[in-house]
Each structure stands twice: as structure tokens, then as C-alpha cells.
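These protein sequences, in sequence, are chains A and B.
Read in order, the letters of the first sequence are residues 1135 to 1368 in the working numbering.
Read in order, the letters of the second sequence are residues 19 to 256 in the working numbering.
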Amino acid sequence: MIDVARIDYWAANGSGRFHRASVLSKLLFVLCTVAAAIAAREPLPLAAGYAFLIVVAAASALPWRAIMLLSFYAAVFTLVYGFSLRARPAIYALLLLKAVTPACAVGMLITSTPYPRIFSFLSALLPEVLASGLFMTYRTLFILLDMMHQFATAIRIRGGFSPGNLVKNSASIAKGIGALLVRAVERSQRLFAVMSVRGYSGSMAGRAAGGLGRHDWLPLGAGGCMLALSLAWR
Amino acid sequence: MHIPDGILPAWLWISGFGLMAVFLAIALFRLRAMDRRRNIPLLGAVAAAMLVAMSLEILPLAYHLNLSVVAGILLGPSLGFTAAFIVNVMLALMGHGGITVIGLNTILLGTEAVLGHTFFFFLPVRMPVFWRAAVATVLALCAATLLLIAIVGISHVDSSLMEAGHEQVGSPVPPSAPERGSLVPFAVVVLSLGAIGWLIEGAITGAIIRFIARVKPDLLAHILHRQTCAGDAKRCPS
């Protein structure tokens, strides 16, 4: 299960070196790591790079165990993709590391940067509808997660959840999601009314591209090291 | 469909971004006259519901829902595709799916939304709402799965043949023929597991749409809905 609320808590409440860095530098760090994964042709530099990222995360007081777990999720599709290949073990290792290393960098980004700051940065690059849609989705997500949690508790208490009974569980989930959707739309309409009263006219405030600052040396340095390591090993 | 970064060749995911940009441009062009004040909150609500549904696992199969067809039916194809893009950006920012493959993932999820909407409207009106939505979902997911297999199949093509001698960057597979492997085992795994998923998603989507038709039928007669019916008022549920 995606624990967005916990990720948001880590992002909003940390004070490590990564938290103090700008959004731009952390996005550049992610891009450098993705480029390093794309450019890598051997598993060894990526394995070293992955270990390096975990050390940087731990040194920056980020939740490195959770980041590792999050990055392993990316390995699941890679395993399925592996069925389509007839390759040496080294190629499978390379594929897995190509998937988990950028996922680790993304984990470091999201556990050190609140989503609104990321969206605010992206808003400078995206059309209005998409930027506003991202903000609205983020805003509604936590309300719905809370409602879904209450629904799950209610359904367990009332005996609507039976491990192993697919039909019963599916029926319960369908009704829950249906009610959730109706509530979500009603809330969005109410939200629309409130925002209209406050002067909303179809565009969101808070577009900020931002710049680099003195706290950015760690993400920029880590990203540069990842890319250099991968390119030097080719 | 959470394709991670780094496993597909660069030319493929760059093409995915290009195609996604074209489809998004078409969707945004079609939405230029929409009532943003009303539809952006609706877009946010449905995209958030998709993300919440994706966080729910159906035991004992550990399958998670997409609700992309529900989004397509409720929002229409243009806003449905936009919701698919937003969901994929959010998923990439949660570490569920790669950044470089946002384009391809959006095309896959957006295909489900657009096809689900299209099938729902072209299935006979006399069919019960549950079955219309369920059949539309199964057909849309089947098409999206075939598209996924096609993308993986294309990723096995040696890009040097297409790029006429340019260096291939980012391919996970060295260009030796025996290692390029076969698509068949992948297709068998994806189609066999996927078929179970289509049925579950179809049943749940059918139940959700039937629930909405009973509890809040005006959602199915949304103004966007009418706009995307291309003037065929008889097909729009009222």
C-alpha cells in the first residue's frame, strides 16, 4: 500500500541537509541518477551507486530503510519484464539495478520535499489545467485516504471482509469505492463553491521555478557522482 | 503497468513522451472551452480516487484496481486521458513507476480510459449498466494489455536498425541475438495473470457504475459526458 501520508510527514517534518536543499537541485539529482541508470552497461557501478545513495540518505537523516523498501517495488515489474528475456544473470542484475537506483533517488526526493513544493515547481513548466489538476488531486487524496481507512475499519467490524473470499471482498470494495467516488465528487463541488467565494477563477496560485542555493551542494554533488561513476565505467 | 526507469531503450520512452505530448495536446485542445472551475475539482477528485483504489489490494490475489475505465466513463475521453497523466505523475513521485516512462505509462492508462469510455457508449443501451461497464472494462483492459505486450516487444527490436548506425543508449539488452529473448513467456504471464485482473476490474467497475447510476445518476449525465457523446443524445444515460 502506498503510504502517502507517512511520506508527506517525513517530507514536511525533516530538517536534514536534503530537506534544506532547493527543489531544483533535488530534481537535478534525480535526473542525474536516471541518466546514470540509463547510461550504465554494467551492474557493478549501479550497485556501488545504489549503496552510495543509501549512505547519503542515512547521513542526511532521511528514512533510508523506507526508501530502500520503496525502491524494491520497482523491481517487481522488472522481474515480470525479465520473463521476456533470455539473458545472463549479469543482465538480470543490471535490469534490477537500473530499476531500483532511480527509484531510490525518487524516494530521497519525496521524503525530503513536500509535494506542493514539487508541484509549484512543475507548475512553471506545465499547462494550467495539468498544474491545477495536480494540486487538486493532491488535496483530495488525503481526504479520500482518510475516508477509505474509515471504510476499511467499518467493513472489518461489520464482517464484510473475508480473507480468501474474492467475490465478497470485491463486492464490498466496489460499494466502498462507489460511495467514496460519490463523496469525492460532492466534496469537490463543495470545494469549488468555497474556492469560487475566495476568488478562484480556474488558475492556481503558487507557481515558482526557484533557483539554486548554498544548501544544494549535497544533491548536486551526489547526482554528479552518480553520473560520473556510470559514465567512467562504460 | 508500473514500468520502472532504465529497463526500456531510450528511443522507446522518448517516443512515448512524444506520443503522450501529442495526445495530451489534443485532449487539452478539446477541453479549451470547458468550465475549469467545475471540472478541475472533478478531475482532482476522480484522479485521487484512482490513486486510492490503486492502494487497495484485493486478497487473496494481491491485485490492485486502476479505475481508469471509471475515470473514462465519468470524465469523458479528454479529461480521462488528462487524469491518467496526473495519476502517472503522482505515481512516479511516489516511487511507483519510472519518471522516464511517464509517457508510455500514460498512454497505457489513458488508452484504458479512452477505450473504456468508447466501448461503454457503443455497447447497446438496452444492456444493464453493470454489464455495459463490465464488458467495456474487460475489452479496454485487454486492449491495453496487448499494447503493453507490443511495447515490450518493440523494446526488443534492435534500435540500430531504426537509427541507421547511431549509438544505442540505454538499452538493457546487449545486441547479441540470443539474449534478446522471446516475447512469448512474457505474453503468457501477462495475459494469464491479466485475464484474472480484467475480470475483477470489470466486475468492480460494473458494480461502481451501477452504484453511481442508482445513488447519483446525474454523474453519468455530466455535461462533459454529453459533450463527448458527439451529439448522440440517445446514447447519453439520463
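We put the beta carbon where it would ideally sit given N, CA and C, even for glycine.
This structure is a prediction, so every number in the text was calculated from the model and none was measured.
- Residue-level contact by beta carbon fails for residue 1156 of chain A and chain B, as no gap is shorter than 8 angstroms.
- Taking the Cβ atoms as the reference, residue 120 of chain B lies roughly 6 angstroms from residue 107 of chain B, within the contact range of under 8 angstroms.
- In the DSSP annotation of this structure, residue 1295 of chain A is not part of any alpha helix (DSSP H), being labelled neither H nor E.
- Here residue 214 of chain B is exposed, its C-beta having fewer than 16 other C-beta atoms within 10 Å.
- Taken in chain order, the complete alpha helix (DSSP H) segments of 4 or more residues contained in the segment 1192-1258 of chain A are 1198-1216, 1223-1244 and 1249-1257.
- Note that the C-beta distance between residue 1319 of chain A and residue 100 of chain B is not below 8 angstroms.
- In the structure shown, residue 1153 of chain A falls within a helical segment according to DSSP collapsed to helix, strand and coil.
- With a threshold of 16 other beta carbon atoms within 10 Å, residue 223 of chain B meets it and is buried.
- The DSSP-derived three-state label of residue 82 of chain B is strand.
- Within chain A, no residue has its CB atom less than 8 angstroms from the CB of residue 48 of chain B, the nearest being about 11 angstroms off.
- Interface residue (Cβ-Cβ distance to chain B less than 8 angstroms): residue 1249 of chain A is classified as such.
- A direct Cα-to-Cα measurement between residue 1269 of chain A and residue 62 of chain B gives close to 8 angstroms.
- Residues are counted here when their Cβ sits less than 8 angstroms from a Cβ of chain B; for the segment 1294-1314 of chain A these are 1297, 1298, 1300, 1303, 1304, 1305, 1307, 1308, 1309, 1311, 1312, 1313 and 1314, given in chain order.
- Below the 8 angstroms Cβ cutoff, chain B contributes no neighbours of residue 1360 of chain A, its closest Cβ being approximately 12 angstroms away.
- One thing to note: residue 1173 of chain A has its Cβ within 8 angstroms of the Cβ of residue 1368 of chain A.
- The continuous alpha helix (DSSP H) containing residue 95 of chain B extends over residues 95-110.
- Close to residue 151 of chain B, with beta-carbon spacing below 9 angstroms, lies no residue of chain A; the smallest spacing is near 11 angstroms.
- Taking 4 residues as the shortest admissible run, the segment 111-178 of chain B contains the following complete alpha helix (DSSP H) segments, listed from N- to C-terminal end: 120-140 and 147-173.
- A buried status is given to residue 84 of chain B, since no fewer than 16 other beta-carbon atoms sit within 10 Å of its beta-carbon.
- Residues are counted here when their Cβ sits less than 9 angstroms from a Cβ of chain B; for the segment 1263-1283 of chain A these are 1263, 1264, 1266, 1267, 1268, 1269, 1270, 1271, 1272, 1273, 1274, 1275, 1276, 1277, 1278, 1279, 1281 and 1282, given in chain order.
- Chain order gives the chain B residues near residue 1241 of chain A as 113, where near means a beta carbon separation below 7 angstroms.
- Under the Cβ criterion of 8 angstroms, residue 145 of chain B is not counted among the residues facing chain A.
- Annotation: residue 1145 of chain A to residue 1355 of chain A spans about 21 angstroms, alpha carbon to alpha carbon.
- The beta-carbon of residue 229 of chain B is placed less than 8 angstroms from the nearest beta-carbon of chain A.
- In this structure residue 105 of chain B touches residue 69 of chain B by the C-beta definition: roughly 6 angstroms separates them, less than 8 angstroms.
- With a cutoff of 8 angstroms on beta-carbon distance, residue 1205 of chain A and residue 1150 of chain A are scored as not near each other.
- Distances from the CA of residue 116 of chain B to each of A/1248, A/1182 and A/1164 were compared; the closest alpha carbon is that of A/1164.
- According to the DSSP assignment, residue 1349 of chain A belongs to no alpha helix (DSSP H), since it is labelled neither H nor E.
- When the Cα atoms are used, residue 1304 of chain A and residue 1359 of chain A turn out to be separated by approximately 48 angstroms.
- For the set B/216, B/73, B/234 and B/236, the Cα lying nearest the Cα of residue 155 of chain B is the one of B/216.
- The DSSP-derived three-state label of residue 231 of chain B is helix.
- Secondary structure note for residue 65 of chain B: its alpha helix (DSSP H) is the uninterrupted segment 54-72.
- Boundaries of the alpha helix (DSSP H) harbouring residue 1140 of chain A: 1138-1147, taken from the DSSP string.
- For residue 1290 of chain A, the enclosing alpha helix (DSSP H) stretches over residues 1262-1291.
- Residue 1245 of chain A and residue 1364 of chain A have their C-alpha atoms spaced approximately 25 angstroms apart.
- The count of Cβ pairs closer than 8 angstroms, one atom from the segment 1271-1291 of chain A and one from the segment 32-49 of chain B, stays below three, leaving the stretches out of contact.
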